[in-house]
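Q:
Residue numbers (the numbering used here), protein chains in the order written: chain A, 53 to 516; chain B, 44 to 566.
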């Protein structure tokens with residue numbers, strides 16, 4: 053083994069002869085000359101203390117795989133976890149398209165050399181528009197939390213008001229994000245929901261609505277899985293008070309559930325992870341914000357909005373940024389909030405997903421999820437020691453199971469389920485203490501009757 | 044003896060794919076299906092029927108969504124064509140998007156990030172079942188602690204601007220915890236710092252003071268001294284700035300702000316030339332952030348998902364987004380017990396696919412490799428600077444005669460004055476050669492700007508080829524500007540008429556809107 057200089061495959065000009073020739077060309081003795089601007093006292097004296105590198109591809113794969121193999125995945129087990137990140141089947145075509153290097157390795161290209169991403173993203177927003185019955189949808193923001201927080205700030209800017217009402221049925225993490233984001237100048241009041249049905253307490257809403265309320269926010273399906281049946285009434289009440297109705301929705305439900313715009317929502321937001329993204333340990337999120345085509349609303353989006361336009365050749369579609377002047381790219385802190393790299397590739401993927409599913413696929417998806425969920429609720433709800441708190445309301449995909457009467461704790465139950473190869477639902481006992489020892493179970497199209505029966509049988513054993 | 048084949052012209056004779064592809068809605072054929080969801084088991088149907096049909100009026104969708112109907116092959120073909128109509132960094136010498144650190148994204152890292160052991164983990168699994176994911180996060184946190192010199196790292200932020208926002212939120216929490224939240228309501232930044240520094244700070248409730256450069260292009264120290272006060276919450280500054288100029292008085296900037304009681308956040312989006320050379324710690328910063336999809340080799344995904352890392356000193360550690368990824372010597376765990384945390388900035392704990400790729404990228408290079416990355420990036424940049432300045436009509440304002448770090452913001456001011464050709468138009472013409480070209484962030488403080496960042500991924504021949512394209516365009520500008528004024532010629536599409544984009548009557552952000560406004564057949 054000779055002691056040759058190390059030439060890294062990722063660094064073409066690390067070949068010593070090339071490096072020397074280039075240094076000569078720029079008139080430098082060494083690379084040190086090029087760093088002359090950095091004062092000596094800011095220079096790091098010692099090499100970084102990092103783990104030894106895995107220089108060959110083989111060693112690297114072996115190293116990383118050894119770490120990843122410590123995971124037990126939701127597909128190796130039978131998982132009923134949801135709560136914002138959903139296990140759906142990802143069609144192979146989704147992975148195929150988002151692995152195409154032309155999309156994967158591109159960035160903020162222009163409408164010419166990167167026409168493809170403009171068209172794919174415009175088509176994504178256009179298909180979301182059909183799903184949502186709304187004419188304006190953004191190029192994805194980071195995630196559904198950001199989408200909700202931004203929707204509320206948009207509502208405040210549109211109305212010139214500085215207080216929002218949020219259904220208390222929201223998840224804690226999302227509320228935390230919204231609180232942080234609205235903190236500088238927007239007050240939040242939580243509107244309680246009925247403990248039996250989960251429905252928003254309309255008396256409390258009526259009381260809270262006033263001339264300083266910018267928005268009323270609720271989710272459908274709610275974080276806890278039940279559906280809000282009073283959407284139209286809530287939207288009407290909000291409008292009556294001059295406020296904007298903001299509704300978060302799981303887009304996978306919209307083959308069977310009415311889009312919130314149909315019952316009066318003005319701004320609709322959510323996460324596109326269910327539309328063709330894997331779980332990625334929570335790293336597959338992407339946020340959407342949709343409105344009607346009202347200039348007042350459009351001008352308050354911080355996100356990029358792509359539009360179609362003619363080119364100099366008849367029959368060609370061109371694309372570009374609509375109302376770019378709104379953005380922080382155009383006007384820094386004078387723009388609306390900020391815009392940056394977010395989740396475009398997931399937007400392209402969600403477009404592929406919707407194109408594959410088509411209208412019929414989305415209907416079947418929604419019906420299938422609702423049927424499986426209803427079946428799981430029937431089976432589990434029939435067990436002694438178990439209560440389904442919101443059982444009277446229709447549910448989509450998720451439901452709360454309260455084990456308090458069984459005398460068992462959720463963490464204990466989940467440990468037993470884990471022994472049987474099951475990832476049980478999210479433990480709600482600290483997030484929603486008033487629900488007692490409750491968990492949030494998630495049923496999607498990936499669950500067969502046998503899977504649900506297996507869960508129910510296991511629970512029955514654990515609760516004995 | 045037969046003649047040899049003539050050598051290739053420079054720049055190359057490129058033509059991009061032009062499929063003249065319709066919109067996906069126009070490809071719809073009623074009844075076609077692209078993929079089938081799993082059928083509901085008969086046993087379930089027998090028990091519960093179709094609950095969706097029983098939804099109350101008003102909550103039940105009455106018409107299926109008007110999505111296009113395509114067989115699978117047509118979905119694949121459509122998107123494969125759109126992919127061909129997109130360059131991406133694999134296909135082009137992608138040095139024309141300065142500030143964005145376009146580099147090679149190793150395929151092996153994609154494979155690792157796409158492995159079932161990574162993609163099929165649910166973020167709410169018990170820690171014991173996701174030790175691998177948590178270990179990757181933890182290891183990358185430790186690595187970024189060393190690269191920044193700071194004490195703690197959060198990988199929650201969804202990308203760079205969200206990391207900037209997380210840093211502002213922590214700054215706010217810090218001052219509030221000390222009872223100075225109301226008093227300190229100003230954030231200072233510089234015009235050559237990324238726009239998100241001012242924009243995110245403004246979003247977090249701060250008034251923004253923007254410093255302009257002195258005549259040599261350096262952030263103005265006197266202007267900083269005049270700006271700081273007991274109202275200063277923080278300085279948020281990029282270094283090296285988007286001009287590629289390293290601020291040699293950066294430690295002095297930090298000292299001035301600290302003396303006024305403010306914090307200092309170092310935007311390290313432009314860190315590609317300084318890895319292992321200089322760090323946030325030595326310059327005295329309290330926070331910094333990295334863009335994993337820029338500096339650390341994760342792909343940009345046509346505009347995300349990326350990932351951001353927020354790095355802080357021990358004084359700010361209590362405020363990090365929760366949960367943190369921790370290690371007790373035996374097991375990795377999510378620490379939710381963070382009473383002073385700013386809470387969530389992202390739904391779970393980070394963009395794992397980007398985090399995993401960046402971990403693999405760094406582990407492949409090691410400390411010496413990272414330093415080589417930076418040194419070659421800087422060498423490439425200074426080589427390119429020399430070659431570009433030979434092109435007629437272009438200049439590199441500020442810091443004349445000085446070396447730049449990893450990028451340069453050039454100006455075509457002279458060319459524009461002499462030929463009427465603008466920097467945007469040069470970009471359109473660059474598409475004809477199969478290259479991506481971006482001008483710069485607004486406002487154009489440097490007139491007719493062009494920002495080139497030739498990272499370590501490009502060879503000398505790549506740089507020479509890019510220069511040859513720019514040179515040809517400059518020569519065309521002087522000889523026959525019409526070629527540029529009507530460009531692109533060899534791209535997927537021709538010049539877009541922008542009139543619709545700012546006209547509420549005409550803009551069409553969706554197919555529904557297009558049908559209604561331009562086909563007259565909407566509702």
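Beta carbons are placed, not taken as given, at the ideal position from N, Cα and C, and that holds for glycine. The structure presented is a predicted model; accordingly, all values stated were derived computationally and were not measured.
1. Could you work out which residues of chain B lie near residue 229/A, taking near to mean beta carbons separated by less than 9 Å?
2. Could you tell me whether any Cβ in chain B is nearer than 9 Å to the Cβ of residue 194/A?
3. Starting from residue 176/B, find everything on chain A with Cβ-Cβ shorter than 8 Å and list it in chain order.
4. From 232/A, 69/A, 491/A and 220/A, pick the residue whose C-alpha is nearest to that of residue 270/A; which is it?
5. Could you check if residue 255/B is buried or exposed, using at least 16 other CB atoms within 10 Å of its CB as the buried criterion?
6. Going by beta carbon distance, what residues of the same chain come within less than 7 Å of residue 228/B, once the five residues before and after it are set aside?
7. What distance in whole Å lies between the Cβ atoms of residue 264/B and residue 292/B, which are believed to be in contact at a cut-off of 8 Å?
8. Residue 66/A and residue 75/A: beta carbons closer than 9 Å?
9. By alpha-carbon positions, which one of 392/B, 376/B and 390/B ends up nearest to residue 169/B?
10. Here's the rule: buried if 16 or more other CB atoms are within 10 angstroms of the residue's CB, otherwise exposed. What is residue 106/B?
11. Work out the CA separation of residue 284/A and residue 245/A for me, nearest whole Å.
12. Residues of chain A with a CB under 7 Å from the CB of residue 239/B: which are they?
13. Inspect the beta-carbon positions of residue 126/B and residue 145/B and report whether they are closer than 9 Å.
14. Return helix, strand or coil for residue 478/A, following the three-state DSSP convention.
15. Throw me the rounded Cβ distance for the residue 332/B and residue 463/B pair, which I believe falls under 8 Å.
16. From what residue to what residue does the beta strand (DSSP E) around residue 330/B run?
17. Could you give the distance in angstroms between the alpha-carbon of residue 566/B and the alpha-carbon of residue 559/B?
18. Specify the secondary structure class of residue 262/B as computed by DSSP and reduced to three states.
19. Let me confirm a value: residue 444/A is counted as buried when at least 16 other C-beta atoms fall within 10 Å, else exposed. Which label applies?
20. DSSP state of residue 447/A, grouped into three classes?
21. For the putative contact between residue 395/B and residue 335/A, defined by C-beta atoms under 8 Å, what is the C-beta separation to the nearest angstrom?
22. Can you name the residues that DSSP bridges to residue 129/B?
23. Please name the residue, chosen from 418/A, 108/A and 185/A, that lies closest to residue 595/B on a Cα-to-Cα basis.
24. Helix, strand or coil for residue 300/A? Go by DSSP, reduced to three states.
25. I'd like to check one pair, residue 380/B with residue 501/A: are the Cβ atoms closer than 9 Å?
26. Quick check on the burial criterion: 16 or more other C-beta atoms within 10 angstroms. Buried or exposed for residue 562/B?
27. Pick out the complete alpha helix (DSSP H) segments inside the region 392-452 of chain A, 4 residues or longer, and give them in chain order.
28. Taking DSSP as the reference, what is the three-state secondary structure of residue 254/B?
29. Which residues bound the alpha helix (DSSP H) around residue 215/B?
30. Classify residue 82/B: buried if its beta carbon has 16 or more other beta carbons within 10 angstroms, exposed otherwise.
31. May I ask you to list, following chain order, the residues of the region 540-552 of chain B that have a beta carbon less than 8 Å from some beta carbon of chain A?
32. Apart from the five residues on each side of it in sequence, which residues of its chain come closer than 8 Å, Cβ to Cβ, to residue 252/B?
33. Just to check my reading of the structure: residue 478/A and residue 177/B have Cβ atoms closer than 8 Å, yes? What is that Cβ distance to the nearest angstrom?
34. Which value, in whole angstroms, describes the spacing of the CA atoms of residue 290/B and residue 363/A?
35. Along chain B, in chain order, which residues have C-beta atoms closer than 9 Å to that of residue 106/A?
A: The answer reads as follows:
1. 386, 387, 388, 389 and 390
2. yes
3. 120, 123 and 333
4. 220/A
5. exposed
6. 249, 250, 274 and 276
7. 6 Å
8. no
9. 376/B
10. exposed
11. 16 Å
12. 380, 390 and 392
13. no
14. strand
15. Between residue 463/B and residue 332/B the Cβ distance is about 41 Å, and since that is not below 8 Å, they are no contact.
16. 330-334
17. With a pLDDT of 47 at residue 566/B, under the threshold of 50, the predicted position of this residue should be treated as unreliable, and no value is reported.
18. strand
19. exposed
20. strand
21. 4 Å
22. 166/A
23. There is simply no residue 595/B to check, as chain B begins at 44 and stops at 566 in what is shown.
24. strand
25. no
26. exposed
27. 396-433
28. strand
29. 203-220
30. exposed
31. 540, 541, 542, 543, 544, 545, 547, 550, 551 and 552
32. 229, 230, 231, 232 and 270
33. So it is not a contact: roughly 18 Å between Cβ atoms.
34. 44 Å
35. 403, 406, 407 and 409
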